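Below is one structure; the comments refer to it alone.
Numbering (our numbering), first residue to last: 8 to 200.
Okay, here's the thing in structure tokens:
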């Protein structure tokens with residue numbers, strides 16, 4: 008899905024316009040910047056949930072069906088790949104599968120707009136200072152890194168082979184686990200009441 012219809016609030020049959028994926032991403036990025044400027048942070052409902060997140064290894068939440076981008080992929084091809092994917096950020100790996108950076112749709116679009124010659128590769132425009140976690144790290148530590156760095160994903164790397172990507176973890180993955188913890192708590196509280 009690359010475009011969303013926008014309808015009148017009072018009458019959902021009246022189409023106002025269409026939002027495309029780039030506009031949604033730009034809006035999201037603006038909101039993130041606003042949140043950073045007000046120093047908001049993720050608040051965990053109680054110590055109990057925080058403790059549970061500290062006891063869950065990333066290995067239980069990792070998404071292993073990760074799509075990666077080869078470091079030598081030309082900018083135009085990388086842009087199309089990212090644009091047509093359901094994800095917004097991707098680990099960039101070299102020919103041996105070693106992590107060399109992270110590439111997002113906004114990185115591709117910005118580089119594409121700024122570079123008329125379009126001879127750049129994914130490695131040229133990828134963010135190089137990549138923060139990673141291993142499967143043994145806790146979900147809480149992954150969440151802390153995501154929030155502090157304002158990342159959409161963290162690559163999960165093999166502890167024995169640092170730099171070898173085994174998957175990714177995102178805010179959505181962590182919030183899904185957190186929701187499960189809260190739901191279990193609510194159900195437990197109701198059954199004991």
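Quick reminder that beta carbons are idealized off the backbone N, C-alpha and C, glycines included.
Every value quoted in this text rests on a predicted model; they were computed, and no experiment measured them.
Rounded to the nearest angstrom, what separates residue i and residue j at their Cα positions?
i, j, result
"residue 151", "residue 169", "20 angstroms"
"residue 73", "residue 177", "11 angstroms"
"residue 60", "residue 95", "25 angstroms"
"residue 159", "residue 13", "25 angstroms"
"residue 130", "residue 187", "37 angstroms"
"residue 181", "residue 162", "14 angstroms"
"residue 46", "residue 77", "Note that residue 46 scores a pLDDT of 47, beneath 50, so its modelled location is shaky; the value from the coordinates is reported in the next line. One C-alpha to the other measures close to 35 angstroms."
"residue 17", "residue 25", "17 angstroms"
"residue 104", "residue 27", "33 angstroms"
"residue 120", "residue 184", "38 angstroms"
"residue 146", "residue 107", "23 angstroms"
"residue 134", "residue 20", "43 angstroms"
"residue 22", "residue 126", "40 angstroms"
"residue 264", "residue 86", "A question about residue 264 goes unanswered here, because the residues of the chain that appear run from 8 up to 200."
"residue 110", "residue 157", "14 angstroms"
"residue 89", "residue 102", "19 angstroms"
"residue 63", "residue 98", "23 angstroms"
"residue 114", "residue 138", "17 angstroms"
"residue 69", "residue 149", "11 angstroms"
From the DSSP output, in three-state form, read off residue i for me.
i, result
"residue 182", "helix"
"residue 167", "coil"
"residue 58", "helix"
"residue 112", "helix"
"residue 11", "strand"
"residue 77", "strand"
"residue 66", "helix"
"residue 27", "strand"
"residue 127", "coil"
"residue 86", "helix"
"residue 72", "coil"
Report the option in the options whose CA atom is closest to the CA atom of residue i.
i, options, result
"residue 142", "82, 173 and 136", "173"
"residue 166", "13, 24, 25 and 66", "66"
"residue 93", "105, 100 and 112", "112"
"residue 83", "148, 68, 117 and 101", "117"
"residue 128", "70, 80 and 75", "80"
List the DSSP bridge partners of residue i.
i, result
"residue 97", "110"
"residue 105", "171"
"residue 177", "160"
"residue 22", "14"
Regarding residue i and the ligand SAM, is the C-beta to nearest heavy atom distance less than 8 angstroms?
i, result
"residue 138", "As far as ligands go, the structure on display features none, and thus does not contain the ligand SAM."
Practice prompt. Taking only runs that begin and end inside the stretch 132 to 165, name each unbroken beta strand (DSSP E) of 3 or more residues, in chain order.
Written response: 160 to 164
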